[in-house]
Amino acid sequence: MTTPDPDPRPTPGAPDRPPRRIPGVEAHGGVPPGETPPAEGGTYGISHPEPPELRKGWGPMPLVLIMAVVALIAIGLIGMAVSLML
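Here the sequence shown stands for residues 3 to 88, where the numbers follow our numbering.
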């Protein structure tokens with residue numbers, strides 16, 4: 003276990019002058035009011051209405067059209083099979 007050095011030596015090349023004043027930083031290290039923007043805006047909500055949400059299921063009309071196309075194809079295939087057997 004080591005003991006802390008009672009007389010710390012300065013870092014080589016480090017200036018012996020006090021730190022310079024940085025614009026926008028107060029003496030105690032804080033930032034004065036108005037120097038930074040607020041964390042959140044003061045407005046809430048949306049600025050324009052959102053479009054209505056689309057339905058996720060199939061409507062009745064597309065299902066009827068698909069079933070009609072499938073029925074016509076089935077009738078055509080059955081008709082071709084019957085005509086080949088004659």
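Note that the Cβ used here is the ideal one computed from N, Cα and C, for glycine as well.
In the three-state reduction of the DSSP assignment, Leu-67 falls in the helix class, which pools H, G and I. Under the three-state reduction of DSSP output, Pro-62 falls in the helix class. Per DSSP, reduced to three states, the secondary structure at Ser-85 is helical.
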